[in-house]
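Participant: Provided herewith is a single structure, encoded as structure tokens, for subsequent inquiry.
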Amino acid sequence: PVEPGHNFLRSLIRDDLESGRLQGEVVTRFPPEPNGYLHLGHAKSICLNFGLAEYFDGRCHLRFDDTNPDKESQEYIDAIQEDIRWLGFEWSGNVRYASDYFETLYEYAQHLVGKGLAYVCDLSAEQAREYRGTLTEPGRNSPYRERSADENLDLLARMRAGDFDEGQCVLRAKIDMASPNINLRDPILYRIRKAHHHQTGDAWCIYPTYDFTHGQSDALEGITHSICTLEFEDHRPLYDWLIEHLPVPSTPRQYEFARGNINYTVTSKRKLKQLVDEGHVDGWDDPRMPTISGLRRRGYTPLSIRKFWETVGVARADSTVDVAQLEYTIRDDLNENAPRAMCVIDPLKLVITNFPQDKVEWLPAAAHPSREDLGQRQLPLTREVYIEREDFRLEANKKYKRLVLGKSVRLRNAYVLTAEDVVTDADGHITEVHCRYDADTLGANPADGSKPKGVIHWVSASHGKRATVRLYDRLFNHETPDRGNEDFVAHLNPDSLVVRNECWIEPELAQAQAGSSFQFERLGYFVADSKEHSSDAPVFNRTVGLRDSWAK
Ligand code: ATP
Ligand code: MG
Ligand code: MG
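Here is the structure:
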């Protein structure tokens, strides 16, 4: 269960229902363009649209906004559906496509032309820009604006028939070239694109614009609340103008909310695609990517993402959320739910000289400190174990609560031992630490009353399994990588991935299912990689550290 946070749209819809302005069901839609993978920002829109429908017992449609055939593909369509379902949402009815409505939209275009509210314009793109005017200067009427309805109907039919080249003409609404709102200065409704479309094939060589498609699709589907991000606020008068002047079957309303921005990341499909295309990351689902598929591979849970956006809330004022809040949410989730395990990522061999050579002592350990339902695991203790290299020092002051030569430490879930000697190689590097263990210290302090200062994790050298661990960190080392004109690629964190190939894990961990999460004690939260992990060659990805190492 996710605690409901502040959400002005929820209040607004409740008012619509209570006042009787809305009769019947609440119907929302999530309208991705299939030109990339979904990212965290989309997750906000998904949680909002599907969440509102769920909350009011209504429906949410999935509609692909597929009016730019060049940039779209089936791969993206499939990935988007998988990601929405993974987040735990299901759309009402079939998957819909704006392209399902191409024929109806064309009839709507003919309708506008017939009423003298649209015309075919032959201005080049450059001329049109000139005629459009600026924020401070009104635009000028196109010389083609007064074409008759009959001539326009004929030209539109010829546009559809493929008689003209790309860019030769467009269909424009006839509204007001002097409007202070540039979106109303005779906006383009159709342009010629001789491109193959993933849904409609070669049936069309003219494609409707976003503005001509979106509201009409909403109306055709009976959407009651068409929720979009604030940059479409200035498009709302056009949205309403089209709904008013077309014979549409319902009257949807557009509402805007602030897009989700997160620091230390970019949420723009175009920029994410650039990272993929230029090889800065290993695909859309690279665990460092802020895509839903990347977060999934990184070990984020659907609940953590939904909770994150719910906590952030929905407002009309733009703001940026600290990525630490997202990391906090997954840490909290995994602390509660992830079984504990031990993994040594920078191994140093420790020989327990008074432990018999061939003995294996299986020690039980709780899988979780408070979740008995997660059961127990069995840890093999043997004469040789690995500890982290940084957990041993020849000498250290009192603040160092690990193993020091001549001093004692407890092996986690096992015994207290004392370091007595080291073996070094020709360069003086320590290759082994020799210890003696106290067999009376399992779950008890040493008999002499001393209390070992620290507890360190370990893995049996003979019974542990070798593993690869990928230490992921933030992809960008800049708080606002794409602010202003700066090149966001320059802010990539060169240390966003460190691969450790000689890690050791407790044996049962090798059997972990791909995609399952663990807390590696003292190290952080890790997930068995969904693509490359196997029991023969285990691979774990670091989801997040135990605490916020970026905290200022
Ligand atoms: P991008 O800029 O990454 O290409 P987009 O808005 O063009 O994003 P769409 O596929 O059109 O991508 O988005 C589908 C829906 O998700 C839209 O309703 C859009 O407003 C919403 N959305 C996209 N990015 C965000 C964001 N950062 N926060 C909230 N909603 C978003
Ligand atoms: Mg869009
Ligand atoms: Mg876009």
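Throughout, the UniProt record's numbering is defined as the position within the sequence shown, counted from one, plus 3. C-beta: ideal position from N, C-alpha, C; glycine also.
Just list the residues that DSSP pairs V530 with in beta bridges.
Facilitator: As a position in the sequence shown, residue 530 is number 527, starting the count at 1. Its beta-bridge partners are S520 and N544.
Participant: Based on the DSSP secondary-structure assignment, which residues constitute the bridge partners of F260?
Facilitator: Translated into positions along the sequence shown, residue 260 becomes position 257. Paired residue(s): T232.
Participant: Can you find at least 3 beta carbon pairs, one from the stretch 425 to 433 and one from the stretch 442 to 454, that sit closer than 8 Å?
Facilitator: No: fewer than three Cβ pairs fall under 8 Å.
Participant: Could you give the residue range of the beta strand (DSSP E) that holds N488?
Facilitator: The count along the sequence shown starts at 1 and reaches residue 488 at position 485. Counting along the chain, N488 falls outside any beta strand (DSSP E), and DSSP gives it neither H nor E.
Participant: What does the alpha-carbon distance come out to for the pair L241 and L187?
Facilitator: On the sequence shown, position 238 is the one that residue 241 refers to. On the sequence shown, position 184 is the one that residue 187 refers to. Answer to the nearest angstrom: the Cα atoms are 6 Å apart.
Participant: How big is the Cα-Cα spacing for T356 and E387?
Facilitator: Residue numbering aside, residue 356 sits at position 353 when the sequence shown is read from its first letter. Residue numbering aside, residue 387 sits at position 384 when the sequence shown is read from its first letter. Rounded to whole angstroms, T356 to E387 spans 9 Å at the Cα level.
Participant: Could I get the ranges of all uninterrupted beta strand (DSSP E) runs contained in the stretch 268 to 345, with 3 residues as the minimum, in chain order?
Facilitator: Counting whole runs of 3 or more residues, the stretch 268 to 345 contains the beta strand (DSSP E) stretches 322 to 324.
Participant: Do you know how far the Cα of T31 is from the Cα of S48?
Facilitator: Mapped onto the sequence shown, residue 48 falls at position 45. Mapped onto the sequence shown, residue 31 falls at position 28. Taking the straight line from one Cα to the other gives about 11 Å.
Participant: To the nearest angstrom, how far is the alpha carbon of I295 from that of A517?
Facilitator: The count along the sequence shown starts at 1 and reaches residue 295 at position 292. The count along the sequence shown starts at 1 and reaches residue 517 at position 514. Distance between the alpha carbons of I295 and A517: 17 Å.
Participant: Leaving out five residues on either side along the sequence, give the residues of the same chain with a beta carbon under 6 Å from the beta carbon of E435.
Facilitator: Translated into the one-based positions of the sequence shown, residue 435 becomes position 432. Cβ neighbours of E435 beyond the five flanking positions: K352, V354 and V426.
Participant: Specify whether the stretch 454 to 470 and the stretch 408 to 426 touch according to this definition: at least 3 beta carbon pairs, one from each stretch, less than 8 Å apart.
Facilitator: Enough Cβ pairs lie closer than 8 Å, so yes.
Participant: Using a Cβ-Cβ cutoff of less than 6 Å, which residues in the same chain neighbour G23 once the five nearest sequence positions on both sides are dropped?
Facilitator: For the purposes of this step, residue 23 is taken as residue 20 along the sequence shown, with counting starting at 1. Result list for G23: empty, nothing under 6 Å.
Participant: What residue from L233, F215, R396 and F523 has the CA that sits closest to H114's CA?
Facilitator: Within the sequence shown, numbered from 1, the residue matching residue 114 stands at position 111. Per the Cα distances, F215.
Participant: Should P211 be counted as a contact of ligand 1 given a C-beta to heavy atom distance under 7 Å?
Facilitator: Start at 1 with the first residue of the sequence shown, and residue 211 comes out as number 208. No, ligand 1 has no heavy atom inside 7 Å of this Cβ.
Participant: What three-state label does DSSP hand C50 in the structure shown?
Facilitator: Indexing the sequence shown from 1 puts residue 50 at position 47. Three-state DSSP puts C50 in a helix.
Participant: With a threshold of 6 Å on Cβ separation, who are the neighbours of I308 within its own chain once the five nearest residues in sequence on each side are excluded?
Facilitator: Here residue 308 is taken as the residue at index 305 of the sequence shown, counted from 1. Within the same chain, I308 has close Cβ partners A46.
Participant: What alpha helix (DSSP H) runs, 4 residues minimum, are completely inside the stretch 86 to 160?
Facilitator: Complete alpha helix (DSSP H) runs here, min 4: 105 to 117 and 128 to 135.
Participant: Between the Cα of F491 and the Cα atoms of T270, D539, I433 and N544, which residue gives the shortest distance?
Facilitator: Locating residue 491 in the sequence shown gives position 488, where the first residue counts as 1. Ranking T270, D539, I433 and N544 by Cα distance to F491 puts T270 first.
Participant: Which of the three DSSP states, helix, strand or coil, is assigned to I16?
Facilitator: Your numbering for residue 16 matches position 13 in the sequence shown. I16 falls in the helix class under three-state DSSP.
Participant: Where do the ends of the alpha helix (DSSP H) carrying H248 lie?
Facilitator: Indexing the sequence shown from 1 puts residue 248 at position 245. Counting along the chain, the alpha helix (DSSP H) containing H248 begins and ends at R239 to H248.
Participant: Please list, in chain order, all residues of the same chain as L420 whose beta carbon is under 6 Å from its beta carbon, the five residues on each side excluded.
Facilitator: As a first step, residue 420 is located in the sequence shown; it is residue number 417 there, counting from the start. Excluding residues within five positions, the ones whose Cβ falls inside 6 Å are C438 and Y440.
Participant: Apart from the five residues on each side of it in sequence, which residues of its chain come closer than 6 Å, Cβ to Cβ, to V363?
Facilitator: Your numbering for residue 363 matches position 360 in the sequence shown. Cβ within range, chain order: P383 and T385.
Participant: Tell me whether I209 sits in a helix, a strand or coil according to DSSP, three-state version.
Facilitator: Translated into the one-based positions of the sequence shown, residue 209 becomes position 206. In the structure shown, I209 sits in a strand (DSSP, three-state: E or B).
Participant: Quick one: grab the DSSP three-state call for I178.
Facilitator: What you label residue 178 is simply residue 175 of the sequence shown in a count that begins at 1. Reduced to three states, the DSSP call for I178 is coil.
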